[in-house]
Amino acid sequence: MKNNIDGAKSPLKDRTAGINLAKSIVYTVKEPVVVVDKQGMVIQANDGFYSTFKLQKEENSALALGEREIFLELDELLKNDELQEKGIKDLEVSFNILQAGEQKFLVNAATLDKEKNSSDLILISFNKINSENQETKADKDDLENFRDIFSQAPAMICILRGPKHVFELANDNYFQLVANRDILGKEVREALPEVENQGFFELLDTVYTSGKSVTGNEMPIKMYTKDNNFKNSYVDFVYQPILTGSNEVNGIFVHAVDVTEKVEARQKLEERENELRQLIDTVPAIIWITRPDGQNYYLNKNWYEYTGQIESESTDFGWLKAVHPEEEPRVRQIFKKANDNKEAFSISFRLRNKNGDYRWVIDSGRPNYDAGGEYLGMIGTVVDVHEEKVKEQLIREKEHRIRSIIEEANVATALYTGREMKIEIANDAMIELWGKDHSVVGRTLRKALPELEGQPFHDLLQEVYETGETYWGKEDPVNLMIDGTLQSGYFNFTYKALRNEKGEIYGILNMAVDVTEMVKSRELLKESESRFRQLADLMPEKVANTDADGNFIYFNQGWLEYTGFTAEELTRKGWVNFIHPNEKEEYLKSWQNSLESGKDFEMEFRYLNKKNRYKWHLSRAEAVKDESGKIKMWICTATEIQKIKLEEKRKEDFLKMVSHELKTPITSIKGYVQLLLSLLKKEKEQKLSEKPYEMYLVRVDHQINRLTRLISEMLDLSRIEKNKLDLQKETFSLNSLVAETVQDINYTNTGHNIYITEDYNCNIHGDKDRIGQVLINLVTNAIKYSPFNRDIEVRISKAKGNKVSVSVKDFGIGIGQENQKKIFKRFYRVDGNNEETYSGFGIGLYLANEIIKRHNGVLRVKSEVGKGSVFTFTLFEASEL
Ligand code: ADP
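Sequential numbering from 1 applies to the sequence shown in the UniProt record's numbering.
In structure tokens form, the structure reads like this:
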């Protein structure tokens, strides 16, 4: 802080200094003294003034002289311009004082500065006129009146006389200032030599020669102390010229106040302020302070380093020159408005750095007030945020890109931000999917789609927001309120977390595809498929289906039961391995052919069953094609034809046998006939009786009988099949029938011994020929299948419940247990029996059984291989004998 010395040019310019002077004078004087301004307003008055004129101090603190009657006259005088200029000297004025009556005073008044318009303070002193001192007072130098008072005054006061400024008078304080040196009567330069060159003496000279007072503020002064050390002090002072009656300067009134403490305290403050500034300068930010009018007051070092400006450039509003021209008007306006309104602001703009580059900064300021609440201006900072801003712009661009991608996407897409899932963007497809309108954008998902409450989506979204792991919804059911009704749909969708530059999750991208149609139609398909499967499972047939390439995807229950495996096992083992090795190759060829051509497949082959036996099946497969004719799958069926197959074989064997059986007697008949013919030709040579005609004819007859039997058996067979076997029932003796039949057989079969045992004798009611036919069949079989042991027993016995049984027992080859039932079936002949040895065509027992059944009887067999067989039929007895 520079020291203010307002010299000759404008003495007492500083009103404060004048008041200070007035105060110090006023307080030091006992007589009434008052300081007023040109308008007569009391600026300061001493106790003497108040007590003499009986005025209350408080009520007169803002006293105007003109307002008091007592001072009216004085007020008039003071307003006289001339008087103001010259002052009043020993003017006798009467004042009518309350309670005390009229009293006379000598009034002296002088402006504190002679120069017009430069000072407005007038010092007025009142000297009461007593009868005894009236004369002497008038003659006295008015300053002498203060002589005593000076010594007591708190200020340092002295009076210097003459051009050399000789000390005439000094009060105690002044003596203290000069370390009690003997100064009276000495010139200042002589009395205080160390003050030379400190500017004071020159000022005294000026005051003396110019007649104008001078004030000094906080003027440093170095003076000797008692022990001859220098002491630095600061003083406020007034050099007031003392004028003679003719207005000549003849002395100087010095009034000084020691302000060292105050100055030092302020200096400390300033030091601290400097420290603070240094601190501010070291802060890695730009700091600025402006004045109340907005002008720049202070910018820290960083500003200059950043912008490259020099101090003079940034003064006032010069700092705005560093702001980007495009933004300067806006910045200026915002700053001005904030300053005018004394309100905080924050603004982002580009600031030119010393390299000429514009960089983004944030300038924030706030109003600054002193302790008393007075507005001091703004204080603020400028922070370089270029990188962040550029990043932010990039993010914004990115966001913009995301936005346009989302908006243009065909797939329903939406972007939610924040934990509250605010719908930031939702494209038309998504809005349509939701069944909402664009008003949902900007709202939270919860508010926009309240129907989602209770469905799992809010939780899923929160989880994705927490974990950052994408959620893939696959055909998830969603209920949405569309056109006022809650509609269910299925969606494939993703919740994908979005991250900012720092990797923090700020939102979720939701893409969704409506797959309702697909799921529903598939469900329908599934339903119909399961119905088909149910149906297929119910079918006793074996049903399976394959894909277009022939891979098996389904086997029905029939298959599982047949093979004893599960569908998985079947697939694993390979279905083809269940086919009989003999047919496998052909199957593979034929199946491949169908797969390639799409033509129906049909083949007979054997499949292995769970008992490890092969059974014949008719396998068929048909391709299921789509609209374009492409094969979708194959439906395969397999029908067991084992029985048919065996029947067929039996028929084949039968035909073979029939032809064989027919050929044998015919060949033999033909042989005998030829023989007989040749004999006839030789008739002349030999007598007829000598020739063996009879024997040959018997043979022919035998063969014809065999043929007839064969043919009649076949006829019977077809009759039975057509259910046209008529029975000619009669009552006859069973025993006689047995005897006749055995006799007949014995006639032609001489090789075997047939014994008849009759345990019982009875009639039966039935077709005699047919029963006879049964008997023939059983006995001829017994003969045929007993090539070695030639005994045959025929027994008639009583059976339980009015029945009679006839059994034919042989000791031949016997029949295995497994064949004992089958032999009663058509064309069945026991495998392994030499067909040549045992001729026959497997219908004899079938016919016998059928005939007995039609008589409500039963035909049974008991047999052991190698030991022989017993065939027994049981019939009801006839009621009458
Ligand atoms: P076939 O003309 O072949 O004799 P059948 O119907 O009379 O036809 O008999 C059926 C099969 O039963 C015979 O082929 C034979 O294998 C067996 N069979 C019938 N009777 C006897 C028997 N007494 N001893 C052993 N096997 C017999």
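The beta carbon of each residue, even a glycine, is placed where N, CA and C say it ideally should be.
Keep in mind that this is a model prediction, so the values were computed, not measured.
Going by Cα to Cα distance, which pick from the options is closest to residue i?
| i | options | result |
| --- | --- | --- |
| residue 806 | 779, 416, 426 and 262 | 779 |
| residue 670 | 702, 322 and 658 | 702 |
| residue 109 | 32, 187, 54 and 533 | 32 |
| residue 352 | 123, 338, 391 and 309 | 309 |
| residue 506 | 419, 199 and 745 | 419 |
| residue 720 | 678, 643, 706 and 850 | 850 |
| residue 178 | 660, 222, 366 and 370 | 222 |
| residue 716 | 508, 460 and 847 | 847 |
| residue 551 | 853, 621, 466 and 67 | 621 |
| residue 164 | 92, 250 and 210 | 250 |
| residue 876 | 809, 820 and 804 | 804 |
Whole angstroms are fine: how far does the CA of residue j sit from the CA of residue i?
| i | j | result |
| --- | --- | --- |
| residue 601 | residue 584 | 14 angstroms |
| residue 951 | residue 291 | Because the chain in this structure spans residues 1 to 881, residue 951 falls outside the shown range and cannot be described. |
| residue 159 | residue 168 | 6 angstroms |
| residue 412 | residue 494 | 11 angstroms |
| residue 445 | residue 451 | 10 angstroms |
| residue 913 | residue 270 | As displayed, the chain neither begins before 1 nor continues past 881, which places residue 913 out of reach and without an answer. |
| residue 162 | residue 254 | 13 angstroms |
| residue 122 | residue 187 | 31 angstroms |
| residue 449 | residue 480 | 8 angstroms |
| residue 963 | residue 619 | Examination of residue 963 is not possible in this model, given that the chain is present from 1 through 881 alone. |
| residue 410 | residue 348 | 39 angstroms |
| residue 388 | residue 362 | 11 angstroms |
| residue 793 | residue 672 | 34 angstroms |
| residue 766 | residue 774 | 12 angstroms |
| residue 343 | residue 42 | 41 angstroms |
| residue 624 | residue 561 | 26 angstroms |
| residue 887 | residue 471 | Residue numbering for the chain in the displayed model covers 1 to 881; residue 887 lies beyond these limits and cannot be assessed. |
| residue 816 | residue 797 | 26 angstroms |
| residue 216 | residue 330 | 47 angstroms |
| residue 118 | residue 319 | Unreliable positioning characterises residue 118 in this predicted model, as indicated by a pLDDT of 46, which lies under 50. A coordinate reading is not provided. |
| residue 191 | residue 176 | 14 angstroms |
| residue 865 | residue 871 | 14 angstroms |
| residue 57 | residue 372 | 28 angstroms |
| residue 2 | residue 230 | Because the pLDDT at residue 2 is just 39, under 50, the model does not fix this residue reliably, and the value given afterwards should be weighed accordingly. Using only the alpha carbons, I get a separation of about 22 angstroms. |
| residue 126 | residue 104 | 9 angstroms |
| residue 627 | residue 502 | 55 angstroms |
| residue 381 | residue 174 | 51 angstroms |
| residue 6 | residue 204 | Model confidence at residue 6 stands at a pLDDT of 41, short of 50, so the residue's coordinates are unreliable; what they give is reported in the following sentence. Their Cα atoms are separated by approximately 13 angstroms. |
Just reading off the alpha helix (DSSP H) that residue i is part of, what are its end residues?
| i | result |
| --- | --- |
| residue 465 | 457 to 467 |
| residue 868 | Counting along the chain, residue 868 falls outside any alpha helix (DSSP H), though it belongs to the beta strand (DSSP E) covering 868 to 876. |
| residue 326 | No alpha helix (DSSP H) holds residue 326; DSSP gives it neither H nor E. |
| residue 200 | 200 to 210 |
| residue 760 | Looking at the DSSP string, residue 760 is not in any alpha helix (DSSP H), and its letter there is neither H nor E. |
| residue 512 | Where residue 512 is concerned, there is no enclosing alpha helix (DSSP H), although the beta strand (DSSP E) it sits in stretches over 505 to 514. |
Per the DSSP calculation, residue i is bridged to which residue(s)?
| i | result |
| --- | --- |
| residue 472 | 494 |
| residue 380 | 288 and 365 |
| residue 489 | 478 |
| residue 252 | 160 and 241 |
| residue 444 | 422 |
| residue 542 | 638 |
| residue 350 | 360 |
| residue 554 | 545 |
| residue 767 | 729 |
Ends of the beta strand (DSSP E) at residue i?
| i | result |
| --- | --- |
| residue 934 | Beyond the ends of the chain as shown, which are 1 and 881, falls residue 934; an answer cannot be given. |
| residue 722 | Note, residue 722: premise wrong, no beta strand (DSSP E); not H, not E. |
| residue 216 | 214 to 224 |
| residue 109 | 101 to 111 |
| residue 730 | 729 to 733 |
| residue 45 | 42 to 45 |
| residue 93 | 88 to 97 |
| residue 431 | Run containing residue 431: none in the beta strand (DSSP E); it sits in the alpha helix (DSSP H), 428 to 434. |
| residue 124 | 121 to 128 |
| residue 168 | 166 to 170 |
How about residue i: is its C-beta nearer than 9 angstroms to some C-beta of chain D?
| i | result |
| --- | --- |
| residue 272 | The displayed structure is made up of one protein chain only, and chain D is not part of it. |
Worksheet entry | Completely contained alpha helix (DSSP H) runs for the region 587 to 639, where each covers 4 or more residues | none
Fill in: Every unbroken beta strand (DSSP E) inside the region 794 to 857 [3 residues or more]
803 to 810
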